[in-house]
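Colleague:
There are 2 protein chains.
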Amino acid sequence: MTAPTLRDVAQLAGVHPATASRALNPQTRPLVNADTARKVLRAADSIGYQPNPIARSLKTARTATIGVVIPDLTNPLFPPIVRGIEDVLTPAGYNSWIVNTDNDPQREETQVESLRSRQVEGLIIATARRDHPLLVRLHRQSVKMVLVNRRVEGLELPAVTADDDLGVGMAVAHLARLGHRRIAHLAGPRSTSTGAARARAFRHAVRDLGLVDDPALTVECDYWSEAHGAQALRGLLDSGTGFTGIVAGNDLIALGCYDVFTERGMTCPDDVSVVGFNDMPFLDKMRPPLTTVSVPHYEIGIETARLLLDTIAEPDRPPRAVLLAPSLVVRASTAEPAAHA
Amino acid sequence: MTAPTLRDVAQLAGVHPATASRALNPQTRPLVNADTARKVLRAADSIGYQPNPIARSLKTARTATIGVVIPDLTNPLFPPIVRGIEDVLTPAGYNSWIVNTDNDPQREETQVESLRSRQVEGLIIATARRDHPLLVRLHRQSVKMVLVNRRVEGLELPAVTADDDLGVGMAVAHLARLGHRRIAHLAGPRSTSTGAARARAFRHAVRDLGLVDDPALTVECDYWSEAHGAQALRGLLDSGTGFTGIVAGNDLIALGCYDVFTERGMTCPDDVSVVGFNDMPFLDKMRPPLTTVSVPHYEIGIETARLLLDTIAEPDRPPRAVLLAPSLVVRASTAEPAAHA
DNA sequence: TGCGCGACTGCAATCGTGTGCGGTTATGCT
DNA sequence: AGCATAACCGCACACGATTGCAGTCGCGCA
Numbered sequence: 012m013t014a015p016t017l018r019d020v021a022q023l024a025g026v027h028p029a030t031a032s033r034a035l036n037p038q039t040r041p042l043v044n045a046d047t048a049r050k051v052l053r054a055a056d057s058i059g060y061q062p063n064p065i066a067r068s069l070k071t072a073r074t075a076t077i078g079v080v081i082p083d084l085t086n087p088l089f090p091p092i093v094r095g096i097e098d099v100l101t102p103a104g105y106n107s108w109i110v111n112t113d114n115d116p117q118r119e120e121t122q123v124e125s126l127r128s129r130q131v132e133g134l135i136i137a138t139a140r141r142d143h144p145l146l147v148r149l150h151r152q153s154v155k156m157v158l159v160n161r162r163v164e165g166l167e168l169p170a171v172t173a174d175d176d177l178g179v180g181m182a183v184a185h186l187a188r189l190g191h192r193r194i195a196h197l198a199g200p201r202s203t204s205t206g207a208a209r210a211r212a213f214r215h216a217v218r219d220l221g222l223v224d225d226p227a228l229t230v231e232c233d234y235w236s237e238a239h240g241a242q243a244l245r246g247l248l249d250s251g252t253g254f255t256g257i258v259a260g261n262d263l264i265a266l267g268c269y270d271v272f273t274e275r276g277m278t279c280p281d282d283v284s285v286v287g288f289n290d291m292p293f294l295d296k297m298r299p300p301l302t303t304v305s306v307p308h309y310e311i312g313i314e315t316a317r318l319l320l321d322t323i324a325e326p327d328r329p330p331r332a333v334l335l336a337p338s339l340v341v342r343a344s345t346a347e348p349a350a351h352a
Numbered sequence: 012m013t014a015p016t017l018r019d020v021a022q023l024a025g026v027h028p029a030t031a032s033r034a035l036n037p038q039t040r041p042l043v044n045a046d047t048a049r050k051v052l053r054a055a056d057s058i059g060y061q062p063n064p065i066a067r068s069l070k071t072a073r074t075a076t077i078g079v080v081i082p083d084l085t086n087p088l089f090p091p092i093v094r095g096i097e098d099v100l101t102p103a104g105y106n107s108w109i110v111n112t113d114n115d116p117q118r119e120e121t122q123v124e125s126l127r128s129r130q131v132e133g134l135i136i137a138t139a140r141r142d143h144p145l146l147v148r149l150h151r152q153s154v155k156m157v158l159v160n161r162r163v164e165g166l167e168l169p170a171v172t173a174d175d176d177l178g179v180g181m182a183v184a185h186l187a188r189l190g191h192r193r194i195a196h197l198a199g200p201r202s203t204s205t206g207a208a209r210a211r212a213f214r215h216a217v218r219d220l221g222l223v224d225d226p227a228l229t230v231e232c233d234y235w236s237e238a239h240g241a242q243a244l245r246g247l248l249d250s251g252t253g254f255t256g257i258v259a260g261n262d263l264i265a266l267g268c269y270d271v272f273t274e275r276g277m278t279c280p281d282d283v284s285v286v287g288f289n290d291m292p293f294l295d296k297m298r299p300p301l302t303t304v305s306v307p308h309y310e311i312g313i314e315t316a317r318l319l320l321d322t323i324a325e326p327d328r329p330p331r332a333v334l335l336a337p338s339l340v341v342r343a344s345t346a347e348p349a350a351h352a
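Chains A and B are the protein sequences, given in the same order. Using the numbering used here, you'd call the opening residue of the first sequence number 12 and step up by one each time. Using the numbering used here, you'd call the opening residue of the second sequence number 12 and step up by one each time.
#1: So, is Gln38(B) buried or exposed, given that buried needs 16 or more other C-beta atoms within 10 angstroms?
#2: Give a yes or no on whether 7 Å exceeds the smallest Cβ distance from Val340(B) to chain A.
#3: Among the residues of its own chain, which have a CB less than 7 Å from the CB of Val333(A), if the five just before and after it don't count?
#4: When we look at the beta-carbon of Ala207(B) and count the other beta-carbons within 10 Å, is it buried (16 or more) or exposed?
#5: Which one of His191(B), Leu266(B), Cys268(B) has the shortest CA to CA distance from Gly253(B)?
#6: I want to see whether chain B comes within less than 7 Å of Ala416(A), judged by CB atoms only; does it?
#7: When you compare the region 268 to 288 of chain B with the region 91 to 102 of chain B, are there three or more beta-carbon pairs, one atom per stretch, that lie closer than 8 Å?
#8: Would you tell me roughly how many angstroms separate the C-alpha atoms of Pro200(A) and Asp321(B), rounded to the nearest one?
#9: Quick one: is Gln242(A) near chain B, going by C-beta distance under 7 Å?
#10: Please classify Ser250(A): is it buried, with 16 or more other beta-carbons within 10 angstroms of its beta-carbon, or exposed?
#11: Can you list, in chain order, the residues of its chain with a C-beta nearer than 6 Å to that of Gln130(B)? Leave out the 5 residues immediately preceding and following it.
#12: How many whole angstroms separate the CB atoms of Pro337(B) and Asp174(B), which I take to be in contact at a CB cut-off of 8 Å?
#13: Which chain A residues sit within Cβ distance under 7 Å of Ile109(B)?
#14: With distances taken between CB atoms, is the gap from Thr278(B) to Ser344(B) smaller than 7 Å?
#15: Could you give the C-beta distance for Ala243(B) and Leu197(B), rounded to a whole number, given that I count them as a contact under 8 Å?
#16: If you run the structure through DSSP and keep just helix, strand and coil, what is Met277(B)?
#17: Among residues of its own chain, excluding the 5 on either side of Asn261(B), which ones have a beta-carbon nearer than 7 Å to its beta-carbon?
#18: Pick helix, strand or coil for Met291(A), following the three-state DSSP scheme.
#19: Does any CB atom of chain A fall closer than 7 Å to the CB of Ala352(B)?
#20: Assign Ser377(A) to one of three DSSP states: helix, strand, or coil.
#21: Let me confirm a value: Ala24(A) is counted as buried when at least 16 other C-beta atoms fall within 10 Å, else exposed. Which label applies?
#22: How about Val271(B) and Ala216(B): do their beta carbons lie closer than 7 Å?
#23: With 16 as the cutoff for other CB atoms within 10 Å, does Ala161(B) come out buried or exposed?
#24: Which whole-angstrom value describes the C-beta separation of Ile77(B) and Ser32(B), a residue pair presumed to lie in contact below a C-beta threshold of 8 Å?
#25: Between the alpha carbons of Thr112(A) and Gln122(A), how many angstroms are there, rounded?
#26: Could you tell me the distance, in whole angstroms, from the CA atom of Leu168(B) to the CA atom of Arg331(B)?
#27: For Ala238(A), which option in Leu166(A), Lys70(A), Ala265(A) has the closest C-alpha, if you only look at C-alpha atoms?
#28: Run through DSSP, which three-state label would Thr345(B) get?
#29: Can you tell which of Val159(B), Ala21(B), Thr16(B) has its C-alpha closest to the C-alpha of Val80(B)?
#30: Check the C-beta distance from Met291(B) over to Leu88(B) and give it rounded, since I have them as a contact under 8 Å.
#31: Rounded to a whole number of angstroms, what is the C-alpha to C-alpha distance between Glu347(A) and Leu186(A)?
#32: Assuming Leu335(B) and Val304(B) form a contact by the criterion Cβ under 8 Å, report the distance between their Cβ atoms to the nearest whole angstrom.
#33: Please confirm if Lys70(A) has its CB atom under 7 Å from at least one CB of chain B.
#34: Run through chain A and tell me which residues come within less than 9 Å of Tyr269(B), C-beta to C-beta.
#35: Taking Gly312(B) and Pro15(B) to be in contact with their CB atoms under 8 Å, please state how far apart those CB atoms are, rounded to whole angstroms.
#36: On the criterion of 16 or more Cβ atoms from any shown chain inside 10 Å, does Ala316(A) qualify as buried, or is it exposed?
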């Protein structure tokens with residue numbers, strides 16, 4: 012038993028398939044007599060006709076789907092973004108197709124290729140590397156796309172990101188207000204746009220606030236993970252550079268610090284304060300609850316999808332970048348520095 | 012500039028499109044002369060020809076895509092399952108299409124309908140309700156599908172789940188071994204298959220181990236969330252029923268308990284022990300680190316996808332249910348009961 | 001030399017839908 | 001009454017790929 016087709020509907024309604032097609036499509040419905048339209052609709056309804064999107068796409072070269080390229084769904088950062096995206100696209104009649112790349116350029120290449128051959132009408136790209144031959148190629152082919160959570164240098168592309176400058180500034184100011192003067196930064200990898208941006212913002216904030224500006228106080232993590240955060244902190248501790256507060260590149264790096272604290276018998280926030288970045292779920296249940304810069308991921312998803320829809324609707328509009336303001340969530344991992352420090 | 016089509020390749024190679032088609036498809040390549048095949052392949056390569064999957068699907072009625080229906084990507088349970096699924100499907104040449112339903116029957120209906128009209132070749136369904144007109148309808152239409160993380164009553168469907176009996180048994184035995192005799196169960200909603208299964212397993216375990224079997228000791232949460240877990244615990248506490256240990260229906264419910272502990276000035280595990288279920292990420296960083304039953308979600312995804320591929324390959328094979336064994340992860344939320352309790 | 005056979009390859013139809021174009025009918029206007 | 005016009009509907013083709021069928025060509029064999 013095969014699904015009913017347009018011909019079936021037409022036959023049942025006693026009209027030509029072309030007429031049935033026009034009657035079913037609200038766009039073209041005015042072209043047919045109201046009575047026959049009603050007849051067709053009734054017929055379609057009675058046999059449960061569902062138009063075949065594949066055939067329609069073949070004819071119209073429109074698929075009403077958007078490709079969403081993320082590194083790894085398992086990273087708690089992305090699900091809220093994806094939900095935000097879908098909550099905009101679905102009402103607009105679009106579907107989204109999600110692929111993971113694991114930040115592997117090879118996989119990214121094939122996944123995007125697969126999406127493109129599936130005729131997606133736009134791309135939302137959240138992968139993290141900064142240099143990006145793939146992106147310039149897509150851009151040259153004028154593929155509609157929006158970057159989320161990252162920028163790319165030397166390319167004028169619409170992008171939605173958190174305002175990293177603002178967020179890092181808030182973190183540093185918070186620690187400064189508590190009395191910290193020597194603050195360390197465990198930066199994310201410089202190869203990522205956010206890693207670089209936050210590190211730069213950190214230097215600026217430290218200078219603006221007149222805190223001690225020691226290059227040795229910022230250490231780069233090779234990867235945005237607990238393990239690499241821990242490793243970076245160990246290196247910093249072993250180097251003997253003194254500090255009382257840490258601004259971590261993201262929450263995972265901050266949590267890596269927690270591991271080192273227990274390793275070395277330090278207590279947070281008594282010995283050292285830590286502030287994270289992102290406000291991933293369940294941070295309030297940690298030991299201690301992590302003070303962090305909260306990034307509105309869901310709203311970022313929302314804005315990204317809107318931007319893409321705009322780009323599709325008006326391809327000539329100049330690309331614009333949207334910055335969303337984060338907010339500081341003060342919990343219990345930050346306090347005044349110990350008197351003897 | 013439009014994408015190159017089969018005709019372009021054929022023209023460039025100086026053959027008929029039909030021949031080009033046969034040459035490009037490894038299945039039918041033996042039908043054409045090796046030299047012409049080479050010529051066609053070279054031509055295709057030179058202009059970067061990518062077959063149009065939409066046109067192909069229209070003709071062959073095959074899409075090589077699987078629909079994955081989950082309640083909410085934001086629930087940390089699902090991303091690892093999805094990754095497991097993809098890690099099996101991708102090498103097998105299938106793509107997966109993910110949709111969220113928020114456990115809303117209406118949304119579920121429309122999403123599944125949308126997947127079906129997109130001609131997906133199989134469905135992986137992870138939504139949680141137990142009674143399920145949609146499922147019986149799909150089953151009657153002999154749609155290939157596998158359930159994950161849930162069973163449905165009265166339907167012979169392939170399913171992959173964690174062995175809840177075993178897991179709950181391990182949790183209860185762990186508490187019993189520590190000396191607890193009055194153990195409470197904050198059950199998930201009975202309308203979900205796992206909620207019901209775990210509650211049943213709890214009663215069995217309690218009886219088998221000769222612990223006190225008081226119906227008042229199990230309270231049903233309306234939803235698998237921290238808020239509802241907290242609410243259930245408050246009710247239990249207010250009822251005056253004594254207990255020293257809690258087996259929570261899942262980790263979120265267990266974390267809800269944490270909130271109540273701080274509310275009421277209780278300490279865990281000194282006043283009461285808690286064990287969760289699932290082992291979601293970052294539980295080791297909680298205060299206190301949560302003892303929990305670890306469910307192999309990634310492996311569940313793997314098995315689910317395999318099962319579906321089997322079902323597609325051999326539709327007549329009787330459906331089988333796969334149970335994956337969980338393991339107990341002992342952290343710091345469980346200890347011997349206080350002497351005075 | 002003629003026939004049969006195998007190896008290729010081209011023709012044309014098809015999947016289900018959308019749409020430009022032309023034809024038919026009814027209506028209004030002079 | 002005759003004609004222009006609008007409203008409506010059907011015909012046929014297109015989208016890009018696959019595939020059954022038939023035709024061509026060369027070669028071997030009697």
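Beta carbons are placed, not taken as given, at the ideal position from N, Cα and C, and that holds for glycine.
Modeller: Result, derived from the coordinates:
#1: In the second sequence, the residue the question calls residue 38(B) occupies position 27. Exposed, because fewer than 16 other Cβ atoms sit within 10 Å of the Cβ of Gln38(B).
#2: To locate residue 340(B), count along the second sequence from 1; it is residue 329. Residue contact check for Val340(B) against chain A: no CB pair falls below 7 Å.
#3: Here the question's residue 333(A) lines up with position 322 in the first sequence. The answer, listed in chain order, is Val171, Glu314, Leu318.
#4: For the purposes of this step, residue 207(B) is taken as the residue at position 196 of the second sequence. Buried is the call here.
#5: Numbered from 1 along the second sequence, position 242 holds the residue referred to as residue 253(B). Closest by alpha carbon: His191(B).
#6: Since the displayed chain A opens at 12 and closes at 352, residue 416(A) lies outside it and no answer follows.
#7: No, the region 268 to 288 of chain B does not touch the region 91 to 102 of chain B.
#8: Residue 200(A) sits at position 189 when you count from the first residue of the first sequence. Residue 321(B) sits at position 310 when you count from the first residue of the second sequence. A direct Cα-Cα distance of roughly 42 Å separates Pro200(A) from Asp321(B).
#9: Position 231 of the first sequence, counted from the start, is the residue given in the question as residue 242(A). The C-beta of Gln242(A) comes no closer than 7 Å to any C-beta of chain B.
#10: Taking the first residue of the first sequence as position 1, residue 250(A) is located at position 239. Looking at its Cβ environment, which holds fewer than 16 other Cβ atoms inside 10 Å, Ser250(A) is exposed.
#11: The residue given as residue 130(B) occupies position 119 in the second sequence. The answer, listed in chain order, is Thr74.
#12: Within the second sequence, numbered from 1, the residue matching residue 337(B) stands at position 326. Within the second sequence, numbered from 1, the residue matching residue 174(B) stands at position 163. About 6 Å separates the two Cβ atoms, so the contact holds.
#13: Within the second sequence, numbered from 1, the residue matching residue 109(B) stands at position 98. Residues of chain A passing the Cβ test: Ile109.
#14: Your numbering for residue 278(B) matches position 267 in the second sequence. Your numbering for residue 344(B) matches position 333 in the second sequence. Contact flag unset, no.
#15: Indexing the second sequence from 1 puts residue 243(B) at position 232. Indexing the second sequence from 1 puts residue 197(B) at position 186. The pair is a contact, with the Cβ atoms about 5 Å apart (cut-off 8 Å).
#16: The count along the second sequence starts at 1 and reaches residue 277(B) at position 266. Correct three-state label for Met277(B): coil.
#17: Position 250 of the second sequence holds residue 261(B). The beta carbon of Asn261(B) sits closer than 7 Å to the beta carbons of Gly199, Trp235, Gly287, Phe288, Asn289 from its chain, once the five residues preceding and following it are set aside; these are given in chain order.
#18: The sequence position of residue 291(A) within the first sequence is 280, counting from 1. Coil at Met291(A), not helix or strand.
#19: Along the second sequence, one-based indexing puts residue 352(B) at 341. The predicted position of Ala352(B) is uncertain, since its pLDDT is 44 and thus under 50; no value can be drawn from it.
#20: With chain A covering 12 to 352 only, the question about residue 377(A) has no answer from this structure.
#21: Residue numbering aside, residue 24(A) sits at position 13 when the first sequence is read from its first letter. Answer is buried; the Cβ neighbour count reaches 16.
#22: Taking the first residue of the second sequence as 1, we reach residue 271(B) at position 260. Taking the first residue of the second sequence as 1, we reach residue 216(B) at position 205. It is not a contact, given that the beta carbons lie outside the stated cut-off.
#23: To locate residue 161(B), count along the second sequence from 1; it is residue 150. A quick correction: the sequence has Arg, not Ala, at residue 161(B). Burial call: buried.
#24: For the purposes of this step, residue 77(B) is taken as the residue at position 66 of the second sequence. For the purposes of this step, residue 32(B) is taken as the residue at position 21 of the second sequence. Contact flag wrong, Cβ pair sits at about 26 Å.
#25: The residue given as residue 112(A) occupies position 101 in the first sequence. The residue given as residue 122(A) occupies position 111 in the first sequence. In this model, Thr112(A) and Gln122(A) are separated by some 7 Å (Cα to Cα).
#26: Mapped onto the second sequence, residue 168(B) falls at position 157. Mapped onto the second sequence, residue 331(B) falls at position 320. When rounded, the distance between both Cα atoms is 7 Å.
#27: As a position in the first sequence, residue 238(A) is number 227, starting the count at 1. Nearest Cα to Ala238(A) within the set Leu166(A), Lys70(A), Ala265(A): Ala265(A).
#28: Within the second sequence, numbered from 1, the residue matching residue 345(B) stands at position 334. DSSP places Thr345(B) in coil when its eight states are reduced to three.
#29: Counting from 1 along the second sequence, the entry for residue 80(B) is found at position 69. Closest option to Val80(B), judged by alpha-carbon separation, among Val159(B), Ala21(B), Thr16(B): Val159(B).
#30: If you number the second sequence from 1, residue 291(B) lands on position 280. If you number the second sequence from 1, residue 88(B) lands on position 77. Between Leu88(B) and Met291(B) the Cβ distance is about 7 Å, and since that is below 8 Å, they are a contact.
#31: Here residue 347(A) corresponds to residue number 336 of the first sequence, with the count starting at 1. Here residue 186(A) corresponds to residue number 175 of the first sequence, with the count starting at 1. It is roughly 8 Å from the alpha-carbon of Glu347(A) to the alpha-carbon of Leu186(A).
#32: Here residue 335(B) refers to the residue found at position 324 of the second sequence. Here residue 304(B) refers to the residue found at position 293 of the second sequence. Not a contact, Cβ separation roughly 12 Å.
#33: Locating residue 70(A) in the first sequence gives position 59, counting from the first residue. Using a CB distance cut-off of 7 Å, Lys70(A) does not count as an interface residue toward chain B.
#34: As a position in the second sequence, residue 269(B) is number 258, starting the count at 1. Under the 9 Å cutoff, chain A gives Lys296.
#35: For the purposes of this step, residue 312(B) is taken as the residue at position 301 of the second sequence. For the purposes of this step, residue 15(B) is taken as the residue at position 4 of the second sequence. Approximately 37 Å separates the beta-carbon atoms of Gly312(B) and Pro15(B); this is outside 8 Å, ruling out the contact.
#36: Walking along the first sequence from the start, residue 316(A) turns up at place 305. Counting of Cβ neighbours within 10 angstroms places Ala316(A) among the buried residues, the total reaching 16 or more.
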